[in-house]
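Protein chains in written order, with my numbering: chain U, 1 to 138; chain B, 1001 to 1400. Even glycine gets a Cβ: it sits at the ideal position worked out from N, Cα and C. First comes the structure, then the notes that go with it.
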Amino acid sequence: MSGATSDVATRADHFSLERDMIRLCDIDEIPEGEGVRFPGPGPVAVFRAGDEVFVLDDACSHQGASLSDGYLEGCWVECPLHEAFFSLHTGEPSGPPAKRPVRTYTAMVADGVVWADLEQAAAAHVDTVTRDAQRGVA
Amino acid sequence: MRTIAVVGASVAGTRAARSLRDAGFDGRLVLVGDDDRTPYDRPPLSKGFLAGTQDEADLALLDTDDEAELALELRLGVRVERLDAHAGRLRLADAREIAADGVVVATGGRPRLLPGGEGVEGVHVLRTLDDAVALRAAVAGSSPRVVVVGAGFLGAEVASTCRGMGLGVTLLDASALPLAPLLGERIARSCAALHAAHGTDVRHGRAVARLHTAASGRGTHVTGVELDDGTVLPADVVVTGVGIVPNTEWLEGSGLRLRDGVHTDAGMVTDLPAVVAVGDVARYRGAGGTRRHEHWTSAGEQAAVAATNLLAGHTAAAFRPSGYFWSDQYGRTLQLAGHPRTEDRVEIVDGDPDDRFTARYTDATGTTTAVFGLGSPRAFGRLRRTELGRAGAVRATQPA
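Set out below in structure tokens:
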């Protein structure tokens, strides 16, 4: 692990320059199965499911509750107030009361650090990038 | 079944329509509502909409995509006057008829009024969007003094929203400790303390003796509320939230049992298998008797069960209420799940009962009956799952 550390960190720095990725937190700061909220002009929620991280808009598209307070079930997060479920992969709701998706963002873990591109909503989920980055072969 | 008419276009009715389609009904689906507004969600009416941070568009229960996807035939702004269940006909107030071989009763209720308040300017109720528009205009004026009658969840939210707008608010309730019959004394005290801590003048155990009014223009305007101890509270706006009367008059003569709601079995099916009832109007048979649930979440839960049973032609599924509801007051969310009883033991699980906390209700055998949270949605969610179990909820809501 230690041998690859500096290598991965360098690559993460490279990402931050090339792809406007910003450092959100260490992965250990996110309790397994729960979310952490990052304030800002558009607050985001970061979730950890196993080794994967997911970054979504924090405000539920239904009535604006903070999704980071929600509960993870597999690859879904349940809004803490009104029980709408959103896919961590796509941000799509599973059904009422939410009708609109929440935005998802490209995220990755490198050397235990969670990075995300908050400028652009993700076109598709990048769990493969996440896993590869953790192996240091991205 | 070829045609199903859903009568009532609020959350219970729209969710019933969706559930019918989800359950495979591909016939004609008519949604009738007496409100002429596009179907809207009520919870924000006492919160964001009243405060002016949410607009009508934010409340929509159906958008044009939903209408097309559900192939809904909407008949809004028209009341159903009569159900002839045997002939399979609904008669509308505009003298038209709808032939239907299945009916979902979702007509909700109307607010109980304050005696002497009818036609008095400044006296409000809050049920419909029109009510909310009128109340919003009244409280947006030049710092009106607000008196809220009834400290249930609706009254508590109106008081909270008006305080948030910087208005002077008095919250009245006839009982010594509002919400105690529902939440037990321990938790009800915390809820009452929340009002006091935010500068709402709380008056418990006091009934309204009469309203004081003055002539204004062509009519009269409220000037104060006199309590049963002779105190007069000056008021420019009076809001009553003292419960609802279920809207069942249109069902008289239909053969359905009507007594404080439409009676159903445990599966939301009335005495006629082709008629089901959901939402505030439905009085279903549960453990220990019949009851109505006036909560947003149960409307959706009931809709799914009712749709299944209506299509099956018999009671194939029973309503198993989660008992979940929430209320937003003074920037905090109150949440409850399960079915607390007043004799249950209440234990604070974490947090500070004078601030933010979660609590567990247990019966004499030590079994958890309910969980409660105030200002702690994350801890509440965790506690709800560990104590009441909720795994698999997503599978219940996720279309295959």
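For the options U:Met108, U:Leu56, U:Leu81, U:Glu52, the alpha carbon positioned closest to that of Gly42 of chain U is the one of U:Leu56. A check of alpha carbon separations from Leu1090 of chain B across B:Arg1136, B:Thr1038, B:Leu1031 identifies B:Leu1031 as the nearest. In chain B, no part has a C-beta under 9 angstroms from the C-beta of Asp58 of chain U; the shortest such distance is about 13 angstroms. Residues of chain U with a Cβ closer than 8 angstroms to the Cβ of Asp1063 of chain B are, in chain order, Lys99. Taking each of U:Phe86, U:Thr104, U:Ser66, U:Ala116 in turn and checking the Cα distance to Ala98 of chain U, the smallest one comes out for U:Phe86. A contact is defined here as three or more CB-CB pairs under 8 angstroms, and the segment 1252-1272 of chain B fails this definition with respect to the segment 1060-1079 of chain B.
Judged by DSSP in its simplified three-state form, Ile30 of chain U adopts coil rather than helix or strand.
The beta carbon of Ala1207 of chain B sits closer than 6 angstroms to those of Ala1174, Asp1228, all from its chain and outside the five residues before and after it, given in chain order. With contact defined as three or more Cβ pairs closer than 8 angstroms, the segment 1282-1295 of chain B and the segment 1309-1327 of chain B are in contact.
The shortest C-alpha to C-alpha distance from Gly1373 of chain B to any of B:Thr1014, B:Ser1160, B:Arg1356 is the one to B:Arg1356.
CA-CA distance, Leu1114 of chain B to His1263 of chain B, rounds to 27 angstroms.
For Leu81 of chain U, the residues of chain B that pass the 9 angstroms Cβ criterion are Trp1326, Asp1328, Thr1333, Gln1335, Pro1377, in the order they occur in the chain. Inter-residue distance for Ala1364 of chain B and Val1346 of chain B is about 11 angstroms (C-alpha atoms, whole angstroms).
Within 9 angstroms of the CB of Gly70 of chain U, the CB atoms of chain B belong to Pro1377, Arg1378, Gly1381, in sequence order along the chain. Taking C-beta separations shorter than 6 angstroms and ignoring five residues to either side along the sequence, the partners of Val1148 of chain B in its chain run Gly1155, Val1158, Ala1159, Leu1171, Val1239, following chain order.
Closest in C-alpha terms to Asp1352 of chain B, from the list B:Ser1376, B:Thr1333, B:Arg1341, comes B:Ser1376. Taking 7 angstroms as the Cβ-Cβ cut-off, the segment 1264-1279 of chain B has no residue approaching chain U. The beta strand (DSSP E) runs lying completely inside the segment 1175-1237 of chain B and spanning 3 residues or more are 1201-1204, 1208-1216, 1219-1227, 1232-1234, given in chain order. Looking at the DSSP output, Tyr1330 of chain B bridges to nothing. Against Thr1297 of chain B, the close residues of chain U are His82, Glu83, in the order they occur along the chain (beta-carbon pairs closer than 9 angstroms). Residue range 1048-1051 is occupied by the alpha helix (DSSP H) that includes Phe1049 of chain B. Distance between Ala1196 of chain B and Phe38 of chain U, taken at the CA atoms: about 32 angstroms.
Looking at the DSSP output, Ala59 of chain U sits in a beta bridge with U:Ser66.
Here Ala1274 of chain B really is in contact with Gly1102 of chain B; their C-beta atoms are around 5 angstroms apart, less than 8 angstroms. Measuring C-alpha to C-alpha distances from Asp1236 of chain B to each of B:Arg1028, B:His1339, B:Glu1121 identifies B:Glu1121 as the nearest.
In the DSSP assignment, Asp1065 of chain B falls within the alpha helix (DSSP H) that extends over 1064-1069. In the three-state reduction of the DSSP assignment, Gly1381 of chain B falls in the helix class. A distance below 7 angstroms separates the beta carbons of Gly1108 of chain B and Gly1008 of chain B. Counting along the chain, Thr1170 of chain B sits inside the beta strand (DSSP E) bounded by residues 1169-1173. Apart from sequence neighbours up to five positions away, the residues of its chain that approach Asp1055 of chain B with a beta-carbon distance below 8 angstroms are Phe1049, ordered along the chain.
Contact note: Pro1044 of chain B reaches chain U through Gln63, using a C-beta cutoff of 9 angstroms and chain order. For the C-beta of Gly1300 of chain B, the chain U residues within less than 9 angstroms are, from N- to C-terminus, Glu83, Pro96, Pro97. Proximity to Tyr1040 of chain B across B:Leu1083, B:Arg1002, B:Arg1127, B:Arg1082 peaks at B:Arg1127, based on C-alpha coordinates.
Annotation for Ala1023 of chain B: Ala1307, Thr1308, Leu1311 place their beta carbon closer than 7 angstroms to its own, counting only its chain and skipping 5 residues before and after.
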